[in-house]
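Chains as they are written, first to last, in our numbering: chain Y, 2 to 477; chain E, 2 to 477.
Where is the CB? At the ideal position from N, CA and C, for every residue including glycine.
In what follows, a structure is listed as structure tokens, so that the remarks can point back to it.
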């Protein structure tokens, strides 16, 4: 039987805290291949809930699920040069089968733009065939040098949407509206507030005309890119010769976009809400929403009876787990907390006498005595409150962590203090590289709407006049 | 716009019929990698419904979903020799990343027994940790020489369940009950009747003590293995050193099983129910259950109004698609039929006048005039009838295609005529190989219960006394 281990406090060592909570919370195990992880039932359950709920949003947008092959023939990936260059160093390559060398190499997909392009080429003849709106939920591989569970692993799970359109405007509109779907979903379900905006040229997707992003702020102040939507324009359609007959009967290259979220979101969730007792899972996405703990059931057989009755009743409306084991009350509580269950119900001998239970919120740790008669109503209300509290707390933290700077010295200090810097910036791509080398901070986005009022009119780095407001932060 | 092409009749050329219907029915496209296919929205939708409903059955059995990595380090796969030998020739092997040779080779999983074994080793200490019941829905690769869409592709999608137990009896029980879950699911949802039984030693899974199977019969008489459940015993736990402290505080090797169904089931579904007009999807698993076709809506604007009203009403309870295009009625009907939608509703100008619609069953092609007032009730009833009709028709075909033989000549004739032969058989593994070479037929299973009464007491091949009843057939 597993013992709960001590969790390093967040303030002491955030990175150590992170690995402590994911291991103790039974979220993952390391895989046999270096840099890979195993998604255990709790983390996979969260991902499955993300998939299930996000799919509903996709359906509202008429996006259909498909499945394309894992392997990309070398010849196919070479067709779009920027795209290839961006991914080449990370490509896991199949060169043999059963010990025999293959005549062509195959790459394990790091993303599937070229595979979709190859499919679209055969599906599109006229404007009547457009738009095509596809999505797939799959595994992808990128052979990263440094890895971190959920945040950056060699293999990860994601969804990748790929669409084709008869005109640029429609494609651009969808690029924006899919980012908005992500923003709304991540905020409403994962209770993670995000900043949305454009990536700079330097940070955009290899092969895109522009990339939109949602950026989340972890409890240590670092940023985490949490979803991206790319306007690919005609880059892939020209490389692959994907044309259609438009309404004037002229051949035209189609317009494409792609968009994705991944299991990085699990890392975002853990580092946005977790505390020194473990992770905290927002109720709307929690595989288990309520833990029912029998307390000292060996001293009063009514305890088990009442617990079972509550379990059966609540199971009809919520996802509930019942702990009838003979472990000590303190262990049971800690066990529920470390696994991030948003609400727990404790039932002991005294409670059955008084026809009540004790409810404990995972977010505030507040204890609430609740009569059995109003339990269902109270549970429903509390789950909504917990969801809101998690979101609002994170939102406060995000908004309070922005700072405007007017020169590079201020910039360096702010980044050193874990702030997100926001300021006019006119630097080149080379400047971005240099700033990152010197401070560890990268451009996160050019926000659609600045979260604070910007006073300065000049670039903090070059001193040039500028109204291009950019957000910088250290990032995962 | 795609034109519907002529479908080769089943009787003329079954294999050609199969590729005709899957292409015309928009089920798949060929992938860029030879032997791989793209699952288009309709086929992926069926698979998604299989996953969704099967997952409910798994949950009832306390089986939890996880996700393990795609790649198997060479050293790991070498631990169980029988298993390795069975899969070795088909292993796609990653040897380099970004053009640089790796120090160890990695195999793309053909199945994940060794990865699960590696995980279980770390999760199990005492009998209190058992049973562990895991499952994953993933892609796997087996570099097959001959491929056939859905039936045998280099990459396919499947679920693989892997469990660990403290005693052999519990593990064996679950091996049988998971096969039963498959049997019930495939019969109830896919309307495919199956024969269940044991695989012979020769046909069992590499690394198993015994393998149970469900076998379905395609319209051309060939068998298709549709789901398997393997009792692995201590084979993998001994190879990997997976032990637990039993109740007497002694170290003991754990007992394992594994079980799986795959996207082959899509092939089974197509070849069990399809006819010369296209595929037929059983209502319980159909992504679209009802097509509503507007007929000559340009001649009467009420047609569109009524169709939309019906669409909105039926959408609340069924999965419905509305065809408001201006295509010809005959095209619309053929289009619905080729995509296998179980029921279609036709609404034309005459119908709106009479407050009625025409219902057309995809299975029997029967046309039913139905007053608008009783439409919902009738649709519900018909969908159940179609599901039952498909199952019973296939069941009749299965039962009528068995034949008992008493000698090898009779055997060869029966196989030649597409029959499933059932007879006592005491042949060796070598005999099985020889029979397959000579007739194309392999042992499908030793049925739990013979579908017909067997009179002979002697092996048809060796003449030896035998009560081991074996089923042979040509198979996909």
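Residue i versus residue j - alpha carbon distance
i             : j             : result
residue 358/E : residue 303/E : 13 Å
residue 76/E  : residue 98/Y  : 16 Å
residue 2/Y   : residue 278/Y : With a pLDDT of 45 at residue 2/Y, under the threshold of 50, the modelled position of that residue is not reliable, and the figure given next carries that caveat. The straight-line gap from Cα to Cα measures roughly 20 Å.
residue 441/E : residue 172/E : 34 Å
residue 19/E  : residue 313/E : 35 Å
residue 474/Y : residue 11/Y  : 20 Å
residue 1/Y   : residue 157/Y : This structure cannot speak to residue 1/Y, because chain Y is shown only from 2 to 477.
residue 139/Y : residue 462/E : 48 Å
residue 240/E : residue 252/E : 15 Å
residue 60/Y  : residue 319/E : 15 Å
residue 403/E : residue 420/E : 6 Å
residue 321/E : residue 363/E : 15 Å
residue 160/E : residue 261/E : 5 Å
residue 257/Y : residue 238/Y : 7 Å
residue 530/Y : residue 65/Y  : Not covered by the structure: residue 530/Y. The range shown for chain Y is 2 to 477.
residue 311/E : residue 295/E : 11 Å
residue 199/E : residue 178/E : 13 Å
residue 444/E : residue 202/E : 10 Å
residue 14/E  : residue 197/Y : 57 Å
residue 168/E : residue 235/E : 10 Å
residue 247/E : residue 170/E : 15 Å
residue 82/Y  : residue 74/Y  : 15 Å
residue 209/E : residue 224/E : 22 Å
residue 50/E  : residue 7/E   : 29 Å
residue 328/Y : residue 110/Y : 47 Å
residue 385/Y : residue 263/Y : 26 Å
Contact set between residue i and chain Y, taken where Cβ atoms lie within less than 7 Å
i             : result
residue 321/E : Those do not exist, as residue 321/E stays about 13 Å from chain Y at its closest Cβ, beyond 7 Å.
residue 93/E  : 95 and 98
residue 116/E : 33
Integer-rounded CB distance, given that residue j should sit under 8 Å from residue i
i             : j             : result
residue 280/E : residue 26/E  : 5 Å
residue 275/Y : residue 154/Y : Residue 275/Y to residue 154/Y, Cβ: 19 Å. No contact.
residue 243/E : residue 118/E : 6 Å
residue 307/E : residue 353/E : 5 Å
residue 1/Y   : residue 369/Y : Lying before the first or after the last residue shown, residue 1/Y is absent from chain Y, which here runs from 2 to 477.
residue 477/Y : residue 219/Y : 7 Å
residue 80/Y  : residue 96/Y  : Between residue 96/Y and residue 80/Y the Cβ distance is about 20 Å, and since that is not below 8 Å, they are no contact.
residue 471/E : residue 426/E : 4 Å
residue 92/E  : residue 108/E : 4 Å
residue 47/E  : residue 282/E : 7 Å
residue 227/E : residue 216/E : 7 Å
residue 55/Y  : residue 121/Y : Not really, about 23 Å apart at Cβ, beyond 8 Å.
7 Å Cβ cut-off: residues of chain E touching residue i
i             : result
residue 89/Y  : 99
residue 152/Y : Simply none; closest approach about 16 Å.
Under 9 Å by beta carbon: chain Y residues contacting residue i
i             : result
residue 432/E : Under the 9 Å cutoff, chain Y gives no residues; its nearest Cβ is about 28 Å from residue 432/E.
residue 49/E  : 56 and 66
Per-residue contacts from residue i into chain E (C-beta, under 8 Å)
i             : result
residue 156/Y : 70, 71 and 72
residue 30/Y  : 120, 123 and 124
residue 107/Y : 34 and 93
Contacts of residue i in chain Y (Cβ-Cβ under 8 Å)
i           : result
residue 1/E : Summary: the structure shown does not reach residue 1/E, with chain E confined to residues 2 through 477, and so no result is reported for it.
Query raised in the report: For the stretch 33–45 of chain Y, which residues have a beta carbon sitting closer than 7 Å to at least one beta carbon of chain E?
Result: Residues passing the 7 Å Cβ filter: 33, 34, 37, 39, 40, 41, 42 and 45.
Query raised in the report: Looking at chain Y, which residues of the stretch 53–80 of chain E have a Cβ within less than 8 Å of any of its Cβ atoms?
Result: 65, 66, 67, 68, 69, 70, 71, 72, 73, 74 and 77
Query raised in the report: When you check each C-beta in the stretch 331–346 of chain Y against every C-beta of chain E, which residues fall closer than 8 Å?
Result: none
Query raised in the report: Mind pulling the beta strand (DSSP E) runs of 3 or more residues that sit fully within the stretch 58–106 of chain Y?
Result: 72–74 and 93–98
Query raised in the report: Any residues in the stretch 289–313 of chain E with a beta carbon nearer than 7 Å to a beta carbon of chain Y? Which ones, in chain order?
Result: none
Query raised in the report: When you check each C-beta in the stretch 137–148 of chain Y against every C-beta of chain E, which residues fall closer than 9 Å?
Result: Residues of the stretch 137–148 of chain Y that bring their beta carbon within less than 9 Å of a beta carbon in chain E comprise 137, 139, 140, 142 and 144, in sequence order.
Report task. Quick one: which unbroken beta strand (DSSP E) runs of 3-plus residues sit fully inside the stretch 332–417 of chain E? Chain order, please. Result -> 344–348, 357–362, 368–372 and 403–405
**Report entry** Interface positions of the stretch 263–290 of chain Y facing chain E (Cβ-Cβ less than 9 Å), listed along the chain
**Finding:** 264
Requested in this report: With 7 Å as the C-beta to C-beta threshold (strictly closer), list the residues of the stretch 392–422 of chain E near chain Y in chain order.
Outcome: For chain Y, none of the residues of the stretch 392–422 of chain E brings a beta carbon within less than 7 Å of one of its beta carbons.
Requested in this report: Taking a Cβ distance cut-off of 7 Å, strictly less, list which residues of the stretch 175–198 of chain Y are near chain E, in chain order.
Outcome: Flagged: no residues at all.
Query raised in the report: Fully enclosed by the stretch 133–183 of chain Y, which beta strand (DSSP E) runs are 3 residues long or longer?
Result: 133–142 and 156–166
**Report entry** Within the stretch 432–456 of chain Y, ranges of the alpha helix (DSSP H) (whole runs, at least 4 residues)
**Finding:** Listed in chain order, nothing qualifies, since the stretch 432–456 of chain Y has no complete alpha helix (DSSP H) run of 4 or more residues.
Query - Runs of alpha helix (DSSP H) wholly within the stretch 181–250 of chain Y (minimum 4 residues, chain order) - result: 236–241
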